[in-house]
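Novice:
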Amino acid sequence: MTDTEFLLWVRGPAFEIATIIFTLGVVLRILEIVFLGRKANLAEARGSATAGGIRTIITRSVPESGTFKRSTFVIVAGYLFHIGLFVTIFLFAPHILTFESVLGFSWPALPTAIVDATAVVTVITLLVVLIHRMQDPVMRFLSGFQDYLVWLVTFLPLVTGYIAFHRVGPAPQMLIAIHILSVEALMVLFPFTKLMHAFTLFMSRWYNGAISGYRGVNS
Amino acid sequence: MTGATLERGINALKEQIDAPVAAFFSSCVHCGMCSEACLFFTETGEPKYTPIHKLEPMRKIWYQEYTLWGRLGKMLGLSKPVTDAELTDWETLVYDSCTMCGRCSMVCPVGNDITYMIRKMREGMAASGHAPPGLIGATQRAVTIGSPMGVKLPALQAQINHVEKETGIPVPVDVEGAEYMCLLSSMEIMNFPEYIGAISRIFKHAGVSWTLSSEAFEATNSGIQIGVSEIAAELVQRIVTAAEKLKVKAVISPECGHAYMAIRWEGPNLVGRPFSFKVLHILEVLDDLREQGRLKLSGKEAQRLTYHDPCQVSRRGGVVQQPRNLMDMVAENFVEMPDNGTMNWCCGAGGGVSSNERADDLRLKAFNRKKEQLDAIQVEGLVSACSNCRIHLEDGLEEYHMDLPVLSLTETIAEHLAEN
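Line by line, the protein sequences give chains R and U.
For the first sequence, the numbering used here assigns the number 54 to the initial residue and increments by one for each residue that follows.
For the second sequence, the numbering used here assigns the number 26 to the initial residue and increments by one for each residue that follows.
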């Protein structure tokens with residue numbers, strides 16, 4: 054298989070398979086949760102569960118001040134790499150072309166220089182986050198194989214993308230193929246790992262807010 | 026609690042898993058932020074006290090039973106089932122180092138209600154025979170005697186006689202058609218009978234018709250703390266039967282956090298039907314009276330006072346503003362602790378921890394959180410609305426050589442009633 058053939062396979066059949074696993078997997082995981090259902094609350098409501106659910110989906114993005122003081126690093130680093138991932142994945146012109154080919158619509162891109170700088174910041178942040186995970190007593194204690202695997206499959210697309218974009222090395226087609234392959238690994242693992250939090254956190258915040266809101270508490 | 030087996034425990038856990046639990050476990054990214062919300066971690070620095078870790082056996086069962094990937098892994102023998110030894114290891118984490126205070130549920134960035142899951146996890150722990158002996162004893166006394174502390178009706182009657190002599194006001198018992206039926210906690214009957222005198226004086230002052238029931242005066246519910254819903258339901262049903270017999274409009278939960286949670290929020294769900302009467306916390310009733318202008322007070326406490334929010338009353342119960350309105354009525358110098366209201370720190374002894382002697386050292390260590398909160402504001406007194414908090418606050422203050430009086434908000438109001 055030549056570099057070109059490999060790239061065509063990665064961009065074609067492999068990408069289709071990854072997209073199908075990702076989509077069906079995410080839908081399956083969400084249905085698995087929803088179909089478990091929950092019992093109706095028979096206690097007389099003091100507040101609105103719906104309003105509480107919506108409120109917590111929004112407010113939980115902003116940590117309360119005491120919590121911010123106690124967990125400053127996790128919050129700042131967390132925000133940094135999540136914003137970084139969002140910018141590099143969704144606001145990079147070549148990526149938007151890919152999304153357009155799958156979704157059928159597009160949106161404006163950020164200037165490449167900005168995305169490029171963001172990628173560097175995100176890579177550094179992810180490295181720092183990994184070191185923190187290995188050194189902080191609580192995070193080290195909580196972390197298992199999956200936590201490190203998920204870190205790796207998040208990190209690889211960034212690094213391979215950066216290398217492919219700057220054409221470091223002799224075989225540009227191979228570089229882009231490896232980058233796409235790393236994204237496919239991320240997509241395939243996504244539904245079966247904690248990466249699912251990108252979707253399910255809205256459900257969790259909803260339930261948390263609804264449980265509290267029903268009792269008249271803003272959570 | 027009889028016939029507890031691993032199988033029963035696992036089945037109980039399976040039954041407890043619902044959509045919120047599945048969403049919560051799916052969302053956890055192991056960020057560790059819940060540890061910083063938990064006084065058992067902040068005061069010991071031990072990672073095993075990280076709230077989400079306390080649920081690991083339940084997470085395993087969710088993963089193995091309710092996810093495709095987990096089921097596949099289980100079929101292929103890639104994941105090991107939860108063992109009895111594992112549950113034994115988790116017993117102290119689930120009961121001794123968690124008061125179900127709910128602070129972690131306020132902090133989790135993905136929104137996991139960890140406390141909601143601990144409550145469920147305890148159902149599996151109790152069914153598999155892994156509940157602490159202290160709580161088992163309290164629960165057995167609650168079922169057979171009617172009170173976790175073994176308080177019987179004659180003991181209450183003796184206290185009533187004593188209170189009546191002191192206040193000169195009769196305490197109504199079994200009065201059909203009264204507006205309110207008041208519940209008491211055993212701790213109030215035994216340690217703080219002044220509470221009975223206080224409501225008696227306040228209700229006379231405000232012209233409120235009320236009664237106690239000789240058949241259901243105990244408000245606390247060990248079934249909820251230990252995690253046996255059948256027992257919890259039986260204890261709630263006693264109250265429901267009495268309230269319906271006396272045809273009261275509302276039942277008043279006393280100054281006790283988990284009693285309020287038990288009867289107000291879990292009660293109807295435990296007995297499987299909505300109540301025909303309202304359930305109010307005493308602070309809600311007092312604040313309503315204040316709003317209606319029926320509470321006429323004279324003089325205020327001059328010393329610098331703060332209010333300790335009982336977790337199940339404020340964060341988990343929704344009674345947050347009422348005590349503050351009432352504090353303003355009785356305190357000239359009311360100051361808030363650095364974290365207050367729904368972000369207050371637990372006293373360290375709720376959720377059954379106070380009935381679990383094994384946890385005594387740990388709860389006193391965790392009390393350091395409260396000490397630091399109090400040190401930051403330099404108050405001369407502490408007001409609360411939960412007799413369990415009160416006892417532990419007094420215990421903790423003594424342990425840390427802090428000379429602070431702990432007052433009941435209801436009793437403080439009663440002391441300031443203007444002469445009619």
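For glycine and all other residues, C-beta sits at the position ideal for the given N, C-alpha and C.
All figures in this text were calculated on a predicted structure; none of them were measured in a lab.
State buried or exposed for residue 64 of chain U, treating a residue as buried only when at least 16 other CB atoms are found within 10 Å of its CB.
Specialist: To locate residue 64 of chain U, count along the second sequence from 1; it is residue 39. When all chains shown are included, residue 64 of chain U counts as buried.
Novice: Taking the Cβ atom as the reference point for each residue, do residue 261 of chain U and residue 296 of chain U lie within a distance shorter than 7 Å?
Specialist: Start at 1 with the first residue of the second sequence, and residue 261 of chain U comes out as number 236. Start at 1 with the first residue of the second sequence, and residue 296 of chain U comes out as number 271. Yes, the Cβ-Cβ distance between residue 261 of chain U and residue 296 of chain U is below 7 Å.
Novice: My understanding is that residue 383 of chain U touches residue 157 of chain U, with C-beta atoms under 8 Å, so please give their C-beta distance in whole angstroms.
Specialist: For the purposes of this step, residue 383 of chain U is identified with residue 358 of the second sequence, where counting begins at 1. For the purposes of this step, residue 157 of chain U is identified with residue 132 of the second sequence, where counting begins at 1. Confirmed, about 6 Å.
Novice: Give me the residue from R:137, R:57, R:209, R:127 with the minimum Cα distance to residue 186 of chain R.
Specialist: The count along the first sequence starts at 1 and reaches residue 186 of chain R at position 133. Residue R:127 is the option with its Cα nearest to residue 186 of chain R.
Novice: With a 10 Å radius around its C-beta and 16 neighbouring C-beta atoms as the bar for buried, classify residue 289 of chain U as buried or exposed.
Specialist: If you number the second sequence from 1, residue 289 of chain U lands on position 264. Buried: at least 16 other Cβ atoms inside 10 Å.
Novice: At what residue ranges does the segment 122-150 of chain U contain a whole run of the beta strand (DSSP E), taking only runs of 3 or more?
Specialist: Listed in chain order, nothing qualifies, since the segment 122-150 of chain U has no complete beta strand (DSSP E) run of 3 or more residues.
Novice: Using a Cβ cut-off of 7 Å, which residues of the segment 91-105 of chain U contact any Cβ in chain R, in chain order?
Specialist: For the segment 91-105 of chain U, which is checked against every Cβ of chain R, the residues closer than 7 Å are 91, 92, 93, 94.
Novice: Determine the contact status of residue 209 of chain U and residue 109 of chain U, defining contact as a CB-CB distance below 7 Å.
Specialist: One-based indexing of the second sequence puts residue 209 of chain U at position 184. One-based indexing of the second sequence puts residue 109 of chain U at position 84. Not in contact: residue 209 of chain U and residue 109 of chain U (Cβ atoms no closer than 7 Å).
Novice: Could you give the residue range of the alpha helix (DSSP H) that holds residue 212 of chain U?
Specialist: On the second sequence, position 187 is the one that residue 212 of chain U refers to. 211-215 is the span of the alpha helix (DSSP H), which, as asked, contains residue 212 of chain U.
Novice: Quick one: what does DSSP say residue 423 of chain U is sitting in, helix, strand or coil?
Specialist: In the second sequence, the residue the question calls residue 423 of chain U occupies position 398. In the structure shown, residue 423 of chain U sits in a helix (DSSP, three-state: H, G or I).
Novice: Taking buried to mean at least 16 other C-beta atoms within 10 Å of its own C-beta, is residue 201 of chain R buried or exposed?
Specialist: In the first sequence, the residue the question calls residue 201 of chain R occupies position 148. That one is exposed.
Novice: Name the one or two DSSP bridge partners that residue 329 of chain U has.
Specialist: For this step, residue 329 of chain U is matched to residue 304 along the second sequence. DSSP output for residue 329 of chain U lists U:358 as bridge partner(s).
Novice: For chain U, find out if any of its Cβ atoms is closer than 7 Å to the Cβ of residue 264 of chain R; answer yes or no.
Specialist: Mapped onto the first sequence, residue 264 of chain R falls at position 211. Interface residue, yes.
Novice: Along the chain, where does the beta strand (DSSP E) that runs through residue 406 of chain U open and close?
Specialist: Taking the first residue of the second sequence as 1, we reach residue 406 of chain U at position 381. First-last of the beta strand (DSSP E) with residue 406 of chain U: 406-409.
Novice: Within 10 angstroms of its Cβ, does residue 346 of chain U collect 16 or more other Cβ (buried), or is it exposed?
Specialist: Taking the first residue of the second sequence as position 1, residue 346 of chain U is located at position 321. By the neighbour-count rule (16 or more Cβ atoms within 10 Å), residue 346 of chain U is not buried but exposed.
Novice: Helix, strand or coil: which one does DSSP assign to residue 207 of chain U?
Specialist: In the second sequence, residue 207 of chain U corresponds to position 182, counting from 1. Residue state, collapsed to three classes: strand.
Novice: Excluding sequence positions up to five away, which residues of its chain have a Cβ less than 6 Å from the Cβ of residue 19 of chain U?
Specialist: This structure cannot speak to residue 19 of chain U, because chain U is shown only from 26 to 445.
Novice: Using a Cβ-Cβ distance under 7 Å, would residue 313 of chain U count as near chain R?
Specialist: Here residue 313 of chain U refers to the residue found at position 288 of the second sequence. It does not: the Cβ of residue 313 of chain U has no partner Cβ on chain R nearer than 7 Å.
Novice: Which residues mark the beginning and the end of the beta strand (DSSP E) in which residue 306 of chain U is found?
Specialist: In the second sequence, residue 306 of chain U corresponds to position 281, counting from 1. 303-306 is the extent of the beta strand (DSSP E) around residue 306 of chain U.
Novice: Rounded C-beta distance between residue 166 of chain U and residue 159 of chain U? I'm assuming under 8 Å.
Specialist: To locate residue 166 of chain U, count along the second sequence from 1; it is residue 141. To locate residue 159 of chain U, count along the second sequence from 1; it is residue 134. Not quite, the Cβ-Cβ distance comes to about 11 Å (not below 8 Å), so this is no contact.
Novice: Between residue 449 of chain U and residue 124 of chain U, how many whole angstroms is the CB-CB distance? I'm expecting something under 8 Å.
Specialist: The requested residue 449 of chain U is not part of the displayed model; chain U covers only 26 to 445.
Novice: I'd like to confirm the pairing. Which residues does DSSP put opposite residue 322 of chain U in its beta bridges?
Specialist: Translated into positions along the second sequence, residue 322 of chain U becomes position 297. DSSP, once it has assigned bridges, lists U:442 as partnering residue 322 of chain U.
Novice: Taking residue 74 of chain R as part of the alpha helix (DSSP H), name the residues at either end of that continuous run.
Specialist: In the first sequence, counting from the first residue as 1, residue 74 of chain R sits at position 21. Unbroken alpha helix (DSSP H) run through residue 74 of chain R: 68-87.
Novice: List, in chain order, every chain U residue whose beta-carbon is nearer than 8 Å to that of residue 86 of chain R.
Specialist: The residue labelled residue 86 of chain R in the question sits at position 33 within the first sequence. Residues of chain U passing the Cβ test: 44, 47, 48, 51.
Novice: Could one say the Cβ of residue 257 of chain R lies closer than 7 Å to chain U's Cβ atoms, at least one of them?
Specialist: Taking the first residue of the first sequence as position 1, residue 257 of chain R is located at position 204. It does: the Cβ of residue 257 of chain R has a partner Cβ on chain U nearer than 7 Å.
Novice: Taking the C-alpha atoms as reference points, what is the distance between residue 155 of chain U and residue 151 of chain R?
Specialist: For this step, residue 155 of chain U is matched to residue 130 along the second sequence. For this step, residue 151 of chain R is matched to residue 98 along the first sequence. Rounded to whole angstroms, residue 155 of chain U to residue 151 of chain R spans 54 Å at the Cα level.
Novice: Using Cβ-Cβ distances below 9 Å, what residues of the segment 269-293 of chain U are close to chain R?
Specialist: Flagged, chain order: 289, 290, 291, 292, 293.
Novice: Which residues of chain U have a Cβ atom closer than 9 Å to the Cβ of residue 250 of chain R, listed in chain order?
Specialist: On the first sequence, position 197 is the one that residue 250 of chain R refers to. Within chain U, the residues near residue 250 of chain R are 51, 52, 53, 54, 135.
Novice: Identify which residue in U:314, U:245, U:340, U:392 has its Cα closest to the Cα of residue 354 of chain U.
Specialist: By 1-based counting over the second sequence, the position of residue 354 of chain U is 329. Among U:314, U:245, U:340, U:392, the Cα nearest to that of residue 354 of chain U is on U:314.
Novice: Using alpha carbons as the reference points, say which of U:419, U:237, U:120, U:381 lies closest to residue 196 of chain U.
Specialist: Here residue 196 of chain U is taken as the residue at index 171 of the second sequence, counted from 1. The residue with the shortest Cα to Cα distance from residue 196 of chain U is U:237.
Novice: Three or more C-beta pairs under 8 Å: does that hold for the segment 166-178 of chain R against the segment 130-141 of chain R?
Specialist: Segments in contact, yes.
Novice: Would you mind sorting residue 58 of chain U into buried or exposed? The rule is 16 or more other CB atoms within 10 Å of its CB.
Specialist: Counted from its first residue, the second sequence places residue 58 of chain U at position 33. Its Cβ being crowded by 16 or more others within 10 Å, residue 58 of chain U is buried.
Novice: Following the continuous alpha helix (DSSP H) through residue 257 of chain R, name the residue where it begins and the one where it ends.
Specialist: Numbered from its first residue, the first sequence carries residue 257 of chain R at position 204. 250-267 is the extent of the alpha helix (DSSP H) around residue 257 of chain R.
Novice: Decide yes or no for the touch test of the segment 113-121 of chain U against the segment 365-383 of chain U: beta carbon pairs closer than 8 Å, at least 3 of them.
Specialist: Yes, since at least three Cβ pairs between the segment 113-121 of chain U and the segment 365-383 of chain U fall closer than 8 Å, the two stretches touch.
Novice: Can you tell me which residues form a DSSP beta bridge with residue 433 of chain U?
Specialist: Taking the second sequence and counting its residues from 1, one reaches residue 433 of chain U at position 408. DSSP output for residue 433 of chain U lists U:409 as bridge partner(s).
Novice: Excluding sequence positions up to five away, which residues of its chain have a Cβ less than 6 Å from the Cβ of residue 319 of chain U?
Specialist: Here residue 319 of chain U corresponds to residue number 294 of the second sequence, with the count starting at 1. Answer for residue 319 of chain U: 231, listed in chain order.
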